Amino acid sequence: MNAHAPLPALETGCDIRQERGQRAVFCGLTGIVWLHRKIQDAFFLVVGSRTCAHLIQSAAGVMIFAEPRFATAILDERDLAGLVDANEELDRVVARLIERRPDIRLLFLVGSCPSEVIKLDLSRAAQRLSRSFHPDVRVLSYSGSGIETTFTQGEDACLAALVPEMPRAAETGAPALLVVGALADVVEDQFARLFADLGLADVAFLPARRAGALPAVGPNTRFLLAQPFLAETARALEARGAKRISAPFPLGAEGTTGWLAAAAETFDVPAERFARVTAPGRARAAVALDLYRERLAGKRVFFFPDSQLELPLARFLSREMGAELIEVGTPYLHRQHHAPDLALLPAGTKVVEGQSLDAQMDRCRSEKPDLTVCGLGLANPLEAEGLATKWSIELLFTPIQGYDQAGDLAELFARPLKRRARLEV
Amino acid sequence: MQLTLWTYEGPPHIGAMRIATAMQGLHYVLHAPQGDTYADLLFTMIERRDARPPVTYTTFQARDLGADTAAIFQNAVGEAYARFQPQAMIVGASCTAELIQDDPGGLARALDLPIPVIPLELPAYQKKENWGASETLYRLVRALAGGTPSARDGRRPLCNILGPTALGFRHRDDLVEVTKILAALGIDVNVVAPLGATPADLGRLGAAEFNVVLYPEIARAAGLHLQKTFGQPMVEIVPIGVQATIRFVEAVAAAAGVDPAPVLAGAPSRLPWYSRSVDSTYLTDKRVFIFGDATHALAAARVAATELGFKVVGLGTYTRELAREVRAEAAFHGIEATITDDYLDVEAAIQAAGPELVLGTQMERHIAKRLGLPCAVISAPIHVQDFPARHSPQMGFEGANVLFDTWVHPLMMGLEEHLLGMFREDAEFHGAAAPSHLPRHGVAAPQPVAPAPSVAAEPILLTWATDAEKELKKIPFFVRGKARANTERFARERALPLITVETLYDAKAHFGR
């Protein structure tokens, strides 16, 4: 093995720059909003401040209709005064919570900025609590703090915390496929059917819908990232011997085909079978995308950094919908995971990693894009300045992956433009 | 450490943002990690503001903690000053930055900017949003207020209005109503703060003869300071409801030395006549549960009891700072106040009180929906629905009209109620039908749960005799739940295991309507 060989040169043809300064992004706690719905018997307990609690309820944008499966253990002055007490308090809060919610099988203690700064060791707390609630409840921890994670990186940290809990897969026998990243159940089911039709017998998804159904992992595992923000999770899986399949992300028809093809190639699916199995999906996506192409073709699009979905989304808008990319911001660029998407972006595409908010807003204003993809806080101010916007958080909450969602994805970008054209006031 | 599933108030720096965002020419530099920038969306999405709040967040990261977060803060202050050229700045820390103790005030002072820079100390682990707003307004007023009243010389009296903020519950519309009343009294407004004021405007606060404090949670501290420093009297009557508005008009007129009579003449609000109109008879003793911030909960309790003829069966607030006032008001209604910031406690209190109407926040609206109860929203925490396109004040005479409509419309109209009773045996009014205007069609309204007995009584198993059950079905469905609960409570208190027709009517006689 040539372990010391240089990494393959990632010549992308993109104009990649870094920027530092004020950022306008959510922290990783936000991921709880979709993760708690995905893992149906998990509870997320943020150990943090009133700000954390306020963030989650504001970002979720909804009031609580039923008792939610997330909460905040709000630190107060006494907890800051002594960490021993903080641990005792945490035990008390968790005991009360588990008593209240006997349906919970998996409890995540989620670290926040304050808990990180006071160095409250939540991994030790999780071990201690796991022992006391064994075997009814497993307690894990991860950090969703804003000093360490940006928005979707919270999901990455959560899934990475699950990896050590995955059972060990048999080291012999046929390789198995693991699809990694939270997908809407409907999308997951579509992909499961496609993989089955391709003849892949052993396919599992991380995270599983139930805490007790974690898939196995081992050297025979080949994993395919369904989301572009899973750097830590990928590293943890690789540490357990699994091998990543490099692929573009499954956004749009081209991305979905590329993503499925990468798996098909790894598992030696005959080309004819691949073409036959994917043909109906590709045909449906082509019809669905045609509906919106006219609306999006030639439109100049500016991405503010937000979810790390920006690159594959830009690739989709540019190659499948004919949009022009002015600037593609991303909070963090994992060059290896994004290599296939970067390679598909038009030469010279301006990619900006990181953020300096006011400078970026100046560039956006002076470019006057037809569509600006940005966070919720910026959308109305930009609209008021005459710019059409698409709020990026919707791209996390809406099923957008796969052939049968390609049209929905295009529609999300087309809707603000359609609306502007429609309104006469 | 407090287990919190949902919270009525944000942290104190959100209160500071509500002040900064309400003002013009003021900039707030907040030492905070990136996640705290979520606060922008409160203003741009919920209030639909057309500009970002005037806030620069330092957005320091973990890697900066070992290095120099103080330098990051100083750069942010310098850059914000250069870019936004504000008349004044406020600087402070959010919960995380409070822990790293960078001293934003000292760091900003060291930059020696040519504008006032006001440090804010908002203890994030003790205090909450409204306190943060109050403290910020107080600090600004303390640092910037100046000016003296000019000689009267026949000019109209002059007052300041203190309290309306960004992201405030109907503050926008209340201000219009209050300004209208002041204008009708012949009083000029010197400065409205914080909404729309610049730091320079705060410098003119002293020119007024008196202050009008609209929201004590937010503006009492500033009002008291001005009273002490400039000798300006303060009118603190919250003009919500007809009577409170009349008292407000009288107090303001007295402070300004003008005659209130012309403003009070005629019928400035429709509420009194609408309440006396016979169709409102059915409002008598409607059981109402009230929860909100102290300003709105207190006002709602008075209006409900004395202007609509409701019976206040529950009253509470999440504003601990004004718990004493709310407890006193509850005592006036013969009940005990619910002082809590845990919505599950509020839900339990609502269930125990068995109200027919809930006046609360958006959270109580959800609770009421779950319980099948009508509800109107009277207070923050703020929701996009609390910024209606139409003018919809809570204060002043027009505000009283709005209260009448918004509290009465969720209830079934009185005549409608009687007709339903008359025709209840008709096919479309079968026993299991719920009022059609309630959200859950076809499901009977849930029955109020009897309050838990204060002494741990032996639980007795209650059985309804068949004829009693039949008799209960003859009672109109919209009071049937209450009749059932009352009868069971009556039986339980007397340890009667079998409920007969007699028990039913004994209970009816015991409880009255």
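Chains as they are written, first to last, in this note's numbering: chain A, 1 to 425; chain B, 1001 to 1513.
Beta carbons are placed, not taken as given, at the ideal position from N, Cα and C, and that holds for glycine.
Remember, predicted model here, so these are calculated numbers, not experimental data.
Which listed residue (B/Tyr1282, B/Ala1253, B/Gln1034, B/Ala1256) has its alpha carbon closest to that of threonine 150 of chain A: Closest by alpha carbon: B/Gln1034.
Any contact of the segment 1224-1232 of chain B with the segment 1117-1134 of chain B, i.e. 3+ C-beta pairs under 8 Å? no
Select from B/Phe1060, B/Thr1284, B/Ile1161 the residue whose C-alpha is nearest the C-alpha of leucine 1137 of chain B. Of B/Phe1060, B/Thr1284, B/Ile1161, the residue nearest in Cα terms is B/Ile1161.
Host beta strand (DSSP E) of valine 1242 of chain B (start-end): Counting along the chain, valine 1242 of chain B falls outside any beta strand (DSSP E), though it belongs to the alpha helix (DSSP H) covering 1242-1256.
Against chain A, does threonine 1463 of chain B count as a neighbour if the rule is that its beta carbon must be under 9 Å from one of theirs? no
Which residues in chain A have a C-beta closer than 8 Å to the C-beta of aspartate 1112 of chain B? List them in chain order. Near aspartate 1112 of chain B there are no residues of chain A at all, since even the closest Cβ is about 23 Å away, more than 8 Å.
For serine 318 of chain A, name the three-state secondary structure that DSSP assigns. It is helical.
Taking only three categories from DSSP, how would you classify serine 130 of chain A? The answer is helix: DSSP assigns serine 130 of chain A an H, G or I state.
Looking only at DSSP bridge pairs, what is glycine 1196 of chain B linked to? Its beta-bridge partners do not exist; DSSP assigns none.
Is the beta carbon of leucine 1107 of chain B closer than 9 Å to that of tyrosine 1081 of chain B? no
Start-to-end residues for the alpha helix (DSSP H) that takes in arginine 284 of chain A: 271-296
Any C-beta of chain A sitting closer than 9 Å to the C-beta of histidine 1027 of chain B? no
Decide if the segment 200-216 of chain A is in contact with the segment 159-167 of chain A; the criterion is three or more beta carbon pairs, one per stretch, under 8 Å apart. yes
Restricting to Cα atoms, I'd like to know which of B/Ala1331, B/Gly1316, B/Ser1280, B/Ala1294 is closest to phenylalanine 1310 of chain B. Taking phenylalanine 1310 of chain B as reference, the option from B/Ala1331, B/Gly1316, B/Ser1280, B/Ala1294 with the minimal CA-CA separation is B/Ser1280.
Looking at the C-beta of leucine 1137 of chain B, does it have a partner C-beta in chain A at a distance below 9 Å? no
Just the chain B side, please: which residues come within less than 7 Å of threonine 72 of chain A by C-beta, in chain order? For threonine 72 of chain A, the chain B residues whose C-beta falls within less than 7 Å of its own C-beta are Thr1004, listed in chain order.
Distance check for isoleucine 1335 of chain B and valine 1455 of chain B, CA to CA, integer angstroms please. With a pLDDT of only 44 at valine 1455 of chain B, under the threshold of 50, the placement of this residue in the model should not be trusted; the figure read from the coordinates follows. Whole-angstrom Cα-Cα distance: 18 Å.
Just to confirm the assignment: which complete beta strand (DSSP E) runs, minimum length 3, are found wholly within the segment 1158-1193 of chain B? 1158-1162, 1188-1193
Valine 1235 of chain B bridges to which residues according to DSSP? B/Val1212
Should alanine 1166 of chain B and proline 1053 of chain B be called a contact, given that it needs their Cβ atoms to be closer than 9 Å? yes
Cβ contact (3+ pairs, closer than 8 Å) linking the segment 1141-1151 of chain B and the segment 1359-1371 of chain B: no
DSSP beta-bridge partners for isoleucine 74 of chain A? A/Gly48, B/Gln1002
Do the CB positions of phenylalanine 303 of chain A and leucine 325 of chain A come within less than 9 Å of each other? yes
I'd like to know whether the C-beta atoms of threonine 233 of chain A and valine 179 of chain A end up nearer to each other than 9 Å. no
Which class does valine 425 of chain A belong to by DSSP, given the choice of helix, strand or coil? Coil at valine 425 of chain A, not helix or strand.
Per DSSP, what kind of secondary structure is proline 164 of chain A in: helix, strand or coil? helix
Using a Cβ-Cβ distance under 9 Å, would phenylalanine 26 of chain A count as near chain B? yes
With DSSP as the reference, label alanine 1445 of chain B as helix, strand or coil. Note that alanine 1445 of chain B scores 42 on pLDDT, short of 50, meaning its location in the model is unreliable; the coordinates nonetheless yield the value given after this. It is coil, neither helix nor strand.
Can you give the Cα-Cα distance for alanine 1062 of chain B and glycine 48 of chain A, rounded to whole angstroms? 16 Å
So glutamate 1135 of chain B is in the alpha helix (DSSP H); what residue range does that whole segment cover? The continuous alpha helix (DSSP H) containing glutamate 1135 of chain B extends over residues 1129-1144.
List, in chain order, every chain B residue whose beta-carbon is nearer than 9 Å to that of threonine 51 of chain A. For the C-beta of threonine 51 of chain A, the chain B residues within less than 9 Å are, from N- to C-terminus, Gly1010, Pro1011, His1013, Ile1014, Ala1032, Gly1035, Asp1036, Tyr1038, Ala1039, Ser1094, Cys1095, Thr1096, Ala1124.
When DSSP labels each residue in this structure, what does aspartate 428 of chain A get in the three-state scheme? Nothing about residue 428 of chain A can be read from this structure; chain A reaches only from 1 to 425.
Check for me: the beta strand (DSSP E) holding methionine 1089 of chain B runs from which residue to which? It spans 1088-1093 - the beta strand (DSSP E) in which methionine 1089 of chain B sits, taken as one unbroken run.
Valine 1278 of chain B burial status per 10 Å Cβ neighbour count (16 or more: buried): exposed
Does the Cβ of arginine 1460 of chain B have 16 or more other Cβ atoms within 10 Å, making it buried, or fewer, making it exposed? According to the sequence displayed, residue 1460 of chain B carries isoleucine and not arginine. Looking at its Cβ environment, which holds fewer than 16 other Cβ atoms inside 10 Å, isoleucine 1460 of chain B is exposed.
Heavy atom of the ligand PLP less than 8 Å from the Cβ of aspartate 1279 of chain B, yes or no? No copy of the ligand PLP occurs in the structure displayed, which carries no ligand at all.
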